[in-house]
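Written below as structure tokens is the structure these notes are about.
Residue numbers (UniProt numbering), protein chains in the order written: chain A, 1 to 248; chain B, 1 to 325.
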């Protein structure tokens, strides 16, 4: 087992390759995710971004390469191993049960019980209120089924669930794709605040303004390869756009 | 049309409460009408008769409420009723003690349900396809074993489960009441009930948080099978004979009652109180039509109408829900 993660690095993906038949979706991709930082993956459709996060969330097995998490090396992950290592993915569909309220969704799979089997709603509601307050998330009626909440509120519930379930790395797949302007601003604010609360973030987004606004480090992908690795403080948005535009 | 629109509106809690209140209102109207038409209707003997008939449907409908709210369907329950009854009959005639035979029969229902659940969860085959197959399979086994003939000649004490007296009420009513309480507690206060609803609401969400979907999904069909096994026991006890054709096409009435009660065909939502009211309503209709000497053909016609109406309302409600989301 090699130890290639430094104390500042949470995850190191080393020479990851993944093929679907003859299609090479990922070609020897290597990237490091710094602890308590926001890293963003950008690139055109089919560039390999989604495949890469599926490898990291344990949904896909890579053909080659090694995944290092907190110093432990894995040839591949499963959703369970990813979960145990504190990795959570907030998918575009948010994976919420629309008929359940915010409390039910946040505690889904980790319900608080009395005597081991009776659901303790009061305790779950109390803990939800505390968590949402800490994250500065405003959901007026906690008992409303999340299907009736706005896109931004639903996103907040999905993020709160990841945090509640003890995750340290939260992966976002197009977090604001289906949101209006106001909701996007609120979601961005929440994501931006996560590093200061001890979380590491990996985000896929097509919205370059959003990426430049909240990311600390940006990887640009094309045809399954990383073609640019930029620290935000070293470049301007105009330079990033210019870099991206070379892709298209 | 205004009533229908109100009935299918999207405000979750209000909608379902209204649907149940509406059903209850229809039930009261029907009882009032039948009481005015026949002096025999509103008598304790007849009410007990209605409750007795309701109890069998209700036990099956409780299992079906779990199945439908998880987004599935179980078309095999009628056949499980028959096969469990046959097994009990064979065991009794082989000298197995009554209580052991009864328990084994109910357990067999669970095993038959487990077979359905295994195919549905392990091989991801649609529940409709699996249970339509097992419906035929289980019925076929019953007919082959018995050569199409009923089994009878059981010990005298066996009729207690179906026809015994517990004061003013019969054991099936007590069993059904206990089953309703159990189902309510499961849905409201346990992970099991909540996961059942989540499997219907968003199975993928549940999988992604690490819940063992296969286990919970299979167990829902086991529960439905156990409910059918209990009904097989009661029916065999009541008839004092095990009929290979028992429970034939029973599933249609049960599904109609569950949907009519407000449980969504697409899963995610369950209305146990609605199921109870709908089962009583359908029993009152059957009883009322019989008391008024109206042909049983009209009963079929009415049940068919109820199924179409309830499924249509459920679909409209679901589409509006999707539009909102």
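Even for Gly, the Cβ is constructed at its ideal location relative to N, Cα and C.
Tell me the DSSP secondary structure of residue i in three-state form.
i, result
"residue 172/A", "strand"
"residue 319/B", "helix"
"residue 195/A", "helix"
"residue 241/A", "helix"
"residue 236/B", "helix"
"residue 46/A", "coil"
"residue 308/B", "helix"
"residue 212/B", "coil"
"residue 356/B", "Lying before the first or after the last residue shown, residue 356/B is absent from chain B, which here runs from 1 to 325."
"residue 181/A", "helix"
"residue 60/A", "coil"
"residue 41/A", "strand"
Along chain B, in chain order, which residues have C-beta atoms closer than 7 Å to that of residue i?
i, result
"residue 173/A", "None at all; the shortest Cβ gap to chain B is about 12 Å."
Following the continuous beta strand (DSSP E) through residue i, name the residue where it begins and the one where it ends.
i, result
"residue 12/A", "9-20"
"residue 228/A", "225-231"
"residue 246/B", "Unbroken run through residue 246/B: none, as it is neither H nor E."
"residue 141/B", "Counting along the chain, residue 141/B falls outside any beta strand (DSSP E), though it belongs to the alpha helix (DSSP H) covering 127-146."
"residue 214/A", "Taken as a continuous stretch (DSSP letters only), residue 214/A belongs to no beta strand (DSSP E), being part of the alpha helix (DSSP H) at 208-214."
"residue 80/A", "That residue, residue 80/A, is in no beta strand (DSSP E); its alpha helix (DSSP H) goes 79-84."
"residue 30/A", "23-34"
"residue 202/A", "200-204"
"residue 236/A", "Counting along the chain, residue 236/A falls outside any beta strand (DSSP E), and DSSP gives it neither H nor E."
"residue 64/A", "64-69"
What residues from chain A crowd round residue i, counting only those whose CB sits closer than 8 Å?
i, result
"residue 194/B", "100, 104, 111, 119"
Using a C-beta to C-beta distance shorter than 9 Å, which residues of chain A count as neighbours of residue i?
i, result
"residue 163/B", "Those within 9 Å of residue 163/B in chain A number zero; the least Cβ separation is about 36 Å."
Residue i CB to nearest chain B CB: under 9 Å?
i, result
"residue 83/A", "yes"
"residue 91/A", "yes"
"residue 165/A", "yes"
"residue 161/A", "yes"
Just to make sure I have the definition right: I need the residues of chain A whose C-beta is within less than 7 Å of the C-beta of residue i. Which are they?
i, result
"residue 211/B", "109"
Note the first and the last residue of the continuous alpha helix (DSSP H) segment covering residue i.
i, result
"residue 74/A", "Not the alpha helix (DSSP H): residue 74/A falls in the beta strand (DSSP E), residues 72-74."
"residue 293/B", "Note, residue 293/B: premise wrong, no alpha helix (DSSP H); not H, not E."
"residue 219/A", "It is not in any alpha helix (DSSP H) - residue 219/A instead sits in the beta strand (DSSP E) that spans 217-222."
"residue 52/A", "49-57"
"residue 151/A", "151-164"
Of all Cβ atoms in chain A, is any one closer than 9 Å to the Cβ of residue i?
i, result
"residue 201/B", "yes"
"residue 204/B", "yes"
"residue 190/B", "yes"
"residue 198/B", "yes"
"residue 269/B", "yes"
"residue 182/B", "no"
"residue 71/B", "no"
What in chain B is Cβ-close to residue i, meaning under 9 Å?
i, result
"residue 79/A", "207, 208, 210"
What in chain B is Cβ-close to residue i, meaning under 8 Å?
i, result
"residue 96/A", "202, 205"
Return yes when the C-beta of residue i is under 8 Å from any heavy atom of the ligand HEM, and no when it is not.
i, result
"residue 84/B", "This structure simply doesn't include the ligand HEM, nor any ligand for that matter."
Exercise. Fully enclosed by the region 70-116 of chain B, which alpha helix (DSSP H) runs are 4 residues long or longer?
Worked result: Counting only runs of 4 or more, we get 77-93.
Problem set entry | alpha helix (DSSP H) segments (min. 4 residues) lying fully within the region 163-209 of chain B | Fully enclosed alpha helix (DSSP H) runs of 4 or longer: 171-189, 191-208.
For this session: Counting only runs of 4+ residues fully inside the region 264-294 of chain B, write out the alpha helix (DSSP H) ranges in chain order.
Result: If one requires a minimum length of 4 residues, the alpha helix (DSSP H) runs lying completely within the region 264-294 of chain B are 272-291, in chain order.
Problem set entry | Every unbroken alpha helix (DSSP H) within the region 86-137 of chain A, with a cutoff of 4 residues, ordered by chain | Segments of the alpha helix (DSSP H) lying fully in the region 86-137 of chain A: 102-106, 121-134.
For this session: Jot down the residue ranges of each uninterrupted beta strand (DSSP E) in the region 16-77 of chain B, minimum 3 residues, whole runs only, in chain order.
Result: Runs of the beta strand (DSSP E) inside the region 16-77 of chain B: none found.
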